[in-house]
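A.B. asks:
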Amino acid sequence: MKKTYCQRLFGLLTLTGTLLLASCGGPVETQKVSLLPQPAHVEETPEQVFVISSGTTIGYNSPELLPAAVYLSEILGTESVKEGAADITLTLTTGDKEGAYTLVTTAQSADISGCGYSGVIAGIETLRQLLPDGIEAKQKPHRRWGVPAVRITDSPRYEWRGLMLDVSRHFYSKEEVMELLDLMALYKMNKFHWHLTDDQGWRVEIKQYPLLTEKGAWRHFNSHDRECIRLAKEQDNPDYKIPADKLHIENGDTLYGGFYTQDDVREIVQYAGIRGIDIVPEIDMPGHMLAAVSNYSGVSCTDNTGWGTTFSSPACPGKDTAIEFCQNVYKEIFQLFPYKYVHIGGDEVEKTNWKKCPDCQKRMRDNGLKTEEQLQAWFTHQMEEFFNANGKEMIGWDEIIEGGLSETSTVMWWRSWAKNASREATAHGNKVIYTPNSPFYLDYQQDKKSVRAIYDYVPELEGMTTEQQQLIMGVQGNIWCEWIPSRERMLYMAAPRMLAIAELGWSGPEQASWEDFRHRMTDQFNRLNVMDIPYRIPDLEGFNESNAFIGATTVEVSCPDPTAVIRYTTDGTIPTAESALYEAPIPVSETTDFTFRTFRANGAKGDFVKTRFVKSEYAPATQAAPSSPGLSAVWHDFRGNRCADIDQAPLKGRYKIEDVCIPKKVSGNIGLVVKGYLSAPADDIYSFALLSDDGSTLAIDGEMVVDNDGPHAPKEMTGQKALKKGYHPFELRYFDSNGGTLQLKVTGSDGQTIPFTNLYMH
Ligand code: ACM
Ligand code: ZN
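Every number in this note's numbering is 2 more than the matching position in the sequence shown, counting from 1.
Set out below in structure tokens:
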């Protein structure tokens, strides 16, 4: 991708004396245009390059752009920033959509005009991406960087392109948060939702209530920590280790944690603001606030706090002292965060204490509230009035709809299964931010489909009116950190999925092209390597979880990330830096178990994957002569989490289905057993791609071909089997508890999908 333009420049630049002189300073590095998110309009002027060196000047036309100019000079490693026009000029405009910008580069200059400060920053990020990846190095080498001559006009699709970080379950230092903000800025993400408190740790200093951090920011290792330590060993993955700098030894006791002082918060808010990012603080209430209820009395229903049936003891909306406590905490938060939006949380509130608490019950009687959901709504409305009186607007998780939504609060939709939440909220006139857990929860394990699932997501529901669509503010990825203990693991979970969120939120839907995005995402990997971001290397390609071959075959593996290398073993051990390097297809003539592992450009270990190549014979067809097309499906009222147990659950219904699917009438607790015959059209090796949420298994001729069992989000697993032409007994099992997904795709060795109408009989 890297090219030296020196020779071509000389040819061109003889026309322009100044640049001819500049071109004498040595070779100019440049890079092809590959931007993410994709701008609305890009025109390139071939053969012209704007050269940036340490002497390049940056000018700005309005004093409020000084921080943006300094930020750009830091990115470029230049020395001169001044008011007025310069080699690179930043201009504030009005009128367009907030965040819109124009970037024009010629052989002589670069001009960025942006609508609002955020528009100028968006233009700066585009300019940054037009520069070679080396610009991202912390120590800037003394180079001359070339920017292709372009004219770009661009504007965001949505005003909200967010990322949430949970710093309670595991803590991230000020510098680690700033690094994430830098990464967000690069991709024009502009809202950082900071989940500052939860049951496992209170992370922000509140001067009126010092115990919140003195005690609430520290803990003994909990079950999440222990699981991370186990995974670090099991997966040979240091990113799961609990970082030593988050441990605190007190009287021989090891505590884990940390918190941000109010000065830290101010510094981070300023750092984000320079990068065009607003910070939305979340102090989750009335649930998920164990640190508060267990360190201060008068906040919960009783002094006996801890874990209830499902969630922790919440604050007590019946007590004025509790309301006062919550408002006092927010009073200090309002002073720290200038952005108008503040997040109250409001999710997963255990209401058993409220049912027994005399204060809560009195509050309900006094206010004519019939249910505990209405009591939560009453609490939320009290807090909202307080927010509004202090010039703030409230956001809450979608549970705030239950029991009565106020006129003005914004709903953050997260429960994919509460499908109508966004329809209901927008019909009521409230704004909505889309963060449905599947696919926007970035703590969920990634697989080969997870980036695409985000990219293809349509952030609106069928049948919404134009008015309702206009209330959708945008999209956000959430990084919950129960099982993410380190900066490395956090960045691995965030990238590259956050690139897909960034593009979904920024680029118009008419521009969407997965193939184009995939190439541009791959182009980003080298930049991310220079930035030392341990993004997840995409899945290796060229094999299934299990593979069949007849006689002999070659195993051909490829990595979509050209900066990574592949090593492998065949003895079941996890590959190390000394294991065999994959350089060319590997011949196999016996059943072989491979473990492939990627290594990053800097040598760090990546993920490993196991796959089996099974030497096979074509399995003979059965003598059975099924007469009806399709398959038979039996539904059991199943609440377990293993496919093998489904038929022990009570039977609920029997159906005939044409293709593998969840029959229309089947919902709730689903355990399905689908049986029949697969009709193999020829002697061939067939591939089976089984996608399910939750678990599924596929057996053919009584032999497991795909094992996608266990509770999980949508996940596809693939297997192969060699079959003789004719009928083969087929059994597919599937379970889920809230609606789910089930699909099976069958392909022959020519790679063609076989239509289901030709496949199934019973
Ligand atoms: C959430 O995931 N509990 C908002
Ligand atoms: Zn109470």
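Note that beta-carbon positions come from the ideal geometry of N, C-alpha and C, so glycine has one too.
If you measure from each CB to the nearest heavy atom of the ligand ACM and keep those under 6 Å, what residues do you get, in chain order?
C.D. replies: Residues flagged by the Cβ proximity filter: Asp349, Glu350, Trp399, Trp416.
A.B. asks: Just to confirm my understanding: we take Leu167, look at its own chain, exclude 5 residues before and 5 after, and list those with CB closer than 6 Å. What are they?
C.D. replies: Counting only Cβ-Cβ distances below 6 Å, and skipping sequence neighbours, we find Ile481.
A.B. asks: DSSP beta-bridge partners for Ile474?
C.D. replies: According to DSSP, which records beta bridges pairwise, Ile474 is partnered with Val434.
A.B. asks: What is the residue span of the beta strand (DSSP E) that Met345 lies within?
C.D. replies: Looking at the sequence itself, residue 345 is His, so the reference to Met does not match. 343 to 345 is the span of the beta strand (DSSP E), which, as asked, contains His345.
A.B. asks: Would a C-beta distance cut-off of 7 Å place Ile456 and Gly278 closer than the cut-off?
C.D. replies: No, these two residues do not count as a Cβ contact at 7 Å.
A.B. asks: Going by the CB atoms, is the gap between Arg153 and Glu45 shorter than 7 Å?
C.D. replies: The answer is yes: Cβ separation under 7 Å.
A.B. asks: When DSSP labels each residue in this structure, what does Lys142 get in the three-state scheme?
C.D. replies: Three-state result, Lys142: coil.
A.B. asks: When you compare the CB of Glu409 with every CB in chain C, is at least one pair closer than 7 Å?
C.D. replies: Going by chain labels, chain C is absent from the structure shown, which holds only one protein chain.
A.B. asks: If you draw a straight line from the alpha carbon of Ala24 to that of Asp609, how long is it in whole angstroms?
C.D. replies: Confidence at Ala24 is low in this model, with a pLDDT of 42, below 50, so its placement is unreliable and no value can be given for it.
A.B. asks: Within a Cβ cutoff of 6 Å, which residues of the same chain sit near Met414, ignoring the five residues on either side of it in sequence?
C.D. replies: Counting only Cβ-Cβ distances below 6 Å, and skipping sequence neighbours, we find Ile397, Trp399, Ile435, Thr437.
A.B. asks: Less than 6 Å separating the Cβ of Asp361 from some heavy atom of the ligand ZN?
C.D. replies: The answer is yes for Asp361.
A.B. asks: Under 6 Å Cβ to Cβ from Ser64, same chain only, skipping five residues before and after it: list those, please.
C.D. replies: Within the same chain, Ser64 has close Cβ partners Leu94.
A.B. asks: Between Leu133 and Arg522, how many whole angstroms is the CB-CB distance? I'm expecting something under 8 Å.
C.D. replies: 16 Å between Cβ atoms; not a contact.
A.B. asks: For the ligand ZN, is there any heavy atom lying closer than 6 Å to the beta carbon of Cys318?
C.D. replies: Cys318: yes, Cβ under 6 Å from the ligand ZN.
A.B. asks: Just to confirm the assignment, what range does the alpha helix (DSSP H) spanning Pro589 have?
C.D. replies: Pro589 -> not in any alpha helix (DSSP H); beta strand (DSSP E) instead, spanning 588 to 590.
A.B. asks: Please report the straight-line C-alpha distance between Glu337 and Gln329, rounded to a whole angstrom.
C.D. replies: Here the sequence assigns Gln to residue 337, which means Glu is not the residue at that position. Cα to Cα, Gln337 sits roughly 13 Å from Gln329.
A.B. asks: Note the first and the last residue of the continuous beta strand (DSSP E) segment covering Leu105.
C.D. replies: Note, Leu105: beta strand (DSSP E), 103 to 107.
A.B. asks: Just the C-alpha distance for Asn192 and Gly164, rounded to the nearest angstrom, thanks.
C.D. replies: Their backbone Cα atoms lie some 6 Å apart in a straight line.
A.B. asks: Just to confirm, does Cys303 get its C-beta within under 6 Å of one of the non-hydrogen atoms of the ligand ZN?
C.D. replies: Yes, the beta carbon of Cys303 sits closer than 6 Å to at least one heavy atom of the ligand ZN.
A.B. asks: Using 7 Å as the threshold, is the C-beta distance between Val675 and Phe690 below it?
C.D. replies: No, the Cβ-Cβ distance between Val675 and Phe690 is not below 7 Å.
A.B. asks: Name the DSSP beta bridge partners of Arg735, please?
C.D. replies: Answer is Val675, Thr699.
A.B. asks: Pick helix, strand or coil for Pro631, following the three-state DSSP scheme.
C.D. replies: It is a strand residue.
A.B. asks: For the putative contact between Ile588 and Ala566, defined by C-beta atoms under 8 Å, what is the C-beta separation to the nearest angstrom?
C.D. replies: Incorrect: roughly 18 Å between the Cβ atoms, too far for contact.
A.B. asks: Please classify Met287: does DSSP put it in a helix, a strand, or coil?
C.D. replies: Residue state, collapsed to three classes: coil.
A.B. asks: Can you tell me the Cβ-Cβ gap for Asn439 and Ser452, rounded? I've got them flagged as a contact below 8 Å.
C.D. replies: Actually they are not in contact, since the Cβ atoms of Asn439 and Ser452 sit about 12 Å apart, beyond 8 Å.
A.B. asks: Between the beta-carbon of Leu214 and the beta-carbon of Ala317, is there less than 7 Å?
C.D. replies: No.
A.B. asks: My understanding is that Ile270 touches Met385, with C-beta atoms under 8 Å, so please give their C-beta distance in whole angstroms.
C.D. replies: Ile270 to Met385, Cβ: 24 Å. No contact.
A.B. asks: If you count every other CB in all the chains shown that lies within 10 Å of the CB of Leu653, and 16 or more means buried, which is it?
C.D. replies: When all chains shown are included, Leu653 counts as exposed.
A.B. asks: Count the C-beta pairs between the stretch 722 to 741 and the stretch 645 to 660 that are closer than 8 Å, then say yes if the count reaches three, no if not.
C.D. replies: Contact holds: three or more Cβ-Cβ distances are below 8 Å.
A.B. asks: Within this structure, are the beta carbons of Ser681 and Leu746 separated by less than 7 Å?
C.D. replies: Contact: no.
A.B. asks: Quick check on Ser751: buried or exposed, where buried means 16 or more other Cβ atoms within 10 Å of its Cβ?
C.D. replies: Result: exposed.
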